[in-house]
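Following the numbering used here, the numbering of the sequence shown begins with 640 at its first residue and continues without gaps.
Built from N, CA and C at the ideal position, the CB exists for glycine as well.
First the structure, in the form of structure tokens, and then the observations on it.
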Amino acid sequence: MTYENIRLEHEGAIALLTIDRPKALNALNSKTLQELEAAVQSLGADTRALIITGGGEKAFVAGADISEMASLPASAAREFAALGHRVFALLEALPIPTIAAVNGFALGGGCELALACDLIYASEKAQLGLPEVSLGVIPGFGGTQRLTRLVGRSRAKELVFTGGRVDAATAKAIGLVLDVVPAADLLTHCRLVAGKILKNGPLAVSQAKRVIEFGADQDLRAANELERQGFAALFGSDDQREGMKAFLEKRPAAFTGK
Ligand code: DAK
Numbered sequence: 640m641t642y643e644n645i646r647l648e649h650e651g652a653i654a655l656l657t658i659d660r661p662k663a664l665n666a667l668n669s670k671t672l673q674e675l676e677a678a679v680q681s682l683g684a685d686t687r688a689l690i691i692t693g694g695g696e697k698a699f700v701a702g703a704d705i706s707e708m709a710s711l712p713a714s715a716a717r718e719f720a721a722l723g724h725r726v727f728a729l730l731e732a733l734p735i736p737t738i739a740a741v742n743g744f745a746l747g748g749g750c751e752l753a754l755a756c757d758l759i760y761a762s763e764k765a766q767l768g769l770p771e772v773s774l775g776v777i778p779g780f781g782g783t784q785r786l787t788r789l790v791g792r793s794r795a796k797e798l799v800f801t802g803g804r805v806d807a808a809t810a811k812a813i814g815l816v817l818d819v820v821p822a823a824d825l826l827t828h829c830r831l832v833a834g835k836i837l838k839n840g841p842l843a844v845s846q847a848k849r850v851i852e853f854g855a856d857q858d859l860r861a862a863n864e865l866e867r868q869g870f871a872a873l874f875g876s877d878d879q880r881e882g883m884k885a886f887l888e889k890r891p892a893a894f895t896g897k
């Protein structure tokens, strides 16, 4: 499939998805969100990690497309919101790890896109924020909720109320991004992390993502029950047998994802 506003490249088991509208700093209009949805849905079982980044030199994604949103009637705004939520939920539900490579501005919907990924790494040039209140709205793609869960209420309120941006070092200090690396090394770093994950049992990684993701919204007892079920579900899989056999035979495991 060919896309206009994104690029999807496959590097073995890693898919690299680039939001590629550099003239508009990769802002998310409806078409871009639709393409993002189609691209994520197109990923097959041979893809075991997804890296998302922004095209051009300046931005990861500078937000939802303000020029499109400005004139949206209420009914279209509802559709736009539904589309955004669908795409971001799709990313969270993907059975593979997703990594945001934040290479520049990640504002509004762009910050929310990063927040919907499992791991966020940033280049030294990155600036992150949720400036929606400066436009008279609030984050609409789950940003208020995902940011709060990640950095805590107080920092989330500070960022959302002020509409300010934080640089990469501050983003790391408040736990919004995991690590900051030089711009030229950002994708290499993300590929390296993906590579480490790929060495592990795919079913186990997928199950770990599921229980962390769903458990985070439950009380500890319910969340531990989720973990117990996820743990038990892996027993009897080829991957569990192979992983443990390989350890006992002192050799690397050859996982098949079955
Ligand atoms: N939308 C559309 N175009 C954008 C854009 C955006 N978010 N951000 C940048 N651009 C365009 C600029 O208009 C400019 O286009 P031309 O004038 O060249 O045609 C081009 O990208 C280059 O931008 P600048 O010339 O402004 O570049 P600078 O380096 O000077 O500044 C900047 C970079 C990132 C600081 C600045 O562009 C900026 O402040 N951009 C807007 C950032 C922003 O406010 N982002 C949040 C957008 S609001 C909801 C769902 C979702 C949302 C809300 C509600 N519901 C469902 C209810 C989400 C809202 C948002 O994301």
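- Set against 6 Å, the gap from the CB of G702 to the closest heavy atom of the ligand DAK is smaller.
- G768 has its CB no nearer than 6 Å to any heavy atom of the ligand DAK.
- If the five residues before and after C756 are omitted, its C-beta is found closer than 7 Å to the C-beta atoms of I691, L730, T737, I738 and A739, all from its own chain and listed in chain order.
- Counting along the chain, the unbroken alpha helix (DSSP H) around Q879 starts and ends at D877 to L887.
- The region 671–726 is shown to contain whole alpha helix (DSSP H) runs of 4 or more residues at 705–708, in chain order.
- In this structure the region 696–712 lies against the region 742–751, because at least three pairs of beta carbons, one per stretch, are closer than 8 Å.
- Close CB contacts of K764 within its chain, under the 6 Å cut and outside five residues either way in sequence, are with G743 and A822 (chain order).
- In this structure, G802 keeps its C-beta atom at 7 Å or more from the C-beta atom of P841.
- Residue range L758 to S762 is occupied by the beta strand (DSSP E) that includes S762.
- Straight through space, the alpha carbons of G768 and A833 are spaced by roughly 26 Å.
- According to the DSSP secondary-structure assignment, G854 is paired through a beta bridge with no residue.
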